[in-house]
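Residue numbers (my numbering): -4 to 118.
The beta carbon of each residue, even a glycine, is placed where N, CA and C say it ideally should be.
Below: the structure, in structure tokens.
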């Protein structure tokens, strides 16, 4: 994971927790309650994979705070015990019937930029 990804994820978490940015957030003071609030807000606004990535990065910051003895072991373990957000992918689509495929190709044969774009997508 890149530094930019981690920085962006932490800024997102900071804003959702009510802070201005990554630098103004007292990460070592985040406890189970705040992690649950963050989890709920992430689940509401982001796809499960994105939300879980952000939670994972915050857990990493809390781990560093614990290693630096800025958090007690109990506070750290409780805070990182917040479960991941379950998510499912939409099932794969179905195969098009021959008539449906012909209708799509006919629509792509019409003049104009949208038809050309659609034809490129189907190619």
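Give me, in chain order, the residues of the same chain whose beta-carbon lies closer than 7 Å to that of residue i; leave out the 5 immediate sequence neighbours on both sides.
i	result
residue 46	37, 38, 80
residue 54	75
Near residue i, which residues of its chain fall below 6 Å by C-beta distance, leaving aside the five closest residues on each side in sequence?
i	result
residue 6	16, 17
If you run the structure through DSSP and keep just helix, strand and coil, what is residue i?
i	result
residue 75	helix
residue 30	helix
residue 49	helix
residue 108	helix
residue 65	coil
Quick check on residue i - is its C-beta less than 8 Å from some C-beta in chain C?
i	result
residue 71	Here there is only one protein chain, and chain C is not present.
With burial defined as no fewer than 16 other Cβ atoms inside 10 Å of the residue's Cβ, what is the status of residue i: buried or exposed?
i	result
residue 4	buried
residue 33	buried
residue 20	buried
residue 50	buried
residue 8	buried
What does a CB cutoff of less than 8 Å around residue i pick up in its chain, not counting 5 residues either side in sequence?
i	result
residue 66	23, 57, 60, 74
residue 42	82
Can you determine whether any heavy atom of the ligand MN sits closer than 7 Å to the C-beta of residue i, and answer yes or no?
i	result
residue 20	By its list of ligands, the structure shown contains no ligand whatsoever, and the ligand MN lies outside what it can speak to.
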